[in-house]
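Data first, discussion second: the structure below is written as structure tokens.
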Amino acid sequence: MSDCLFCKIVAKEIPADIVYENARALAFRDINPQAPTHVLVIPRAHHADAAALAAADDGLADDVLKAAHAVAVQEGVAEGGYRIVFNTGAGAGQTVFHVHAHVLGGRGLTWPPG
Numbered sequence: 012m013s014d015c016l017f018c019k020i021v022a023k024e025i026p027a028d029i030v031y032e033n034a035r036a037l038a039f040r041d042i043n044p045q046a047p048t049h050v051l052v053i054p055r056a057h058h059a060d061a062a063a064l065a066a067a068d069d070g071l072a073d074d075v076l077k078a079a080h081a082v083a084v085q086e087g088v089a090e091g092g093y094r095i096v097f098n099t100g101a102g103a104g105q106t107v108f109h110v111h112a113h114v115l116g117g118r119g120l121t122w123p124p125g
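If you count the sequence shown from 1, you need to add 11 to reach the numbering used here.
Structure follows, in structure tokens:
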């Protein structure tokens, strides 16, 4: 989508601190981190939210989750524990409507969140 911020990051039209990428996903540091490790993992293809991602095609959601785990390993938070969050819809706090997984770690994460 031409007006999507994350599509522009995928196209390298807008700079981002990219920490991981593969054929179907891209990961970059959140500009407003909520934990020492806070990375966003997105599919390269545009899908509005987690529900659209799940319905998109066979294996894409799996690829995004695998990329999120790879980021956690790369960032050194996999062994101690990390959180993967998909905000779906404005009421859940989604502000960019290109599905993205937040990978959070590096500190104790309380429950319930926010």
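Note that the Cβ used here is the ideal one computed from N, Cα and C, for glycine as well.
(message) Using 8 Å as the threshold, is the C-beta distance between residue 31 and residue 38 below it?
(response) On the sequence shown, residue 31 is found 20 positions in, with the first residue counted as 1. On the sequence shown, residue 38 is found 27 positions in, with the first residue counted as 1. The answer is yes: Cβ separation under 8 Å.
(message) Tell me the rounded alpha-carbon separation between residue 118 and residue 124.
(response) Within the sequence shown, the letter at position 107 stands for residue 118. Within the sequence shown, the letter at position 113 stands for residue 124. Spanning the two alpha carbons is a distance of roughly 14 Å.
(message) I need the DSSP call for residue 29, collapsed to helix, strand or coil.
(response) If you number the sequence shown from 1, residue 29 lands on position 18. Residue state, collapsed to three classes: strand.
(request) Spell out the partners DSSP gives residue 106 in its beta bridges. (result) Here residue 106 corresponds to residue number 95 of the sequence shown, with the count starting at 1. Paired residues: none, contrary to the question.
(request) Mind checking which residues open and close the alpha helix (DSSP H) that includes residue 84? (result) As a first step, residue 84 is located in the sequence shown; it is residue number 73 there, counting from the start. Segment 71-86, the alpha helix (DSSP H) holding residue 84.
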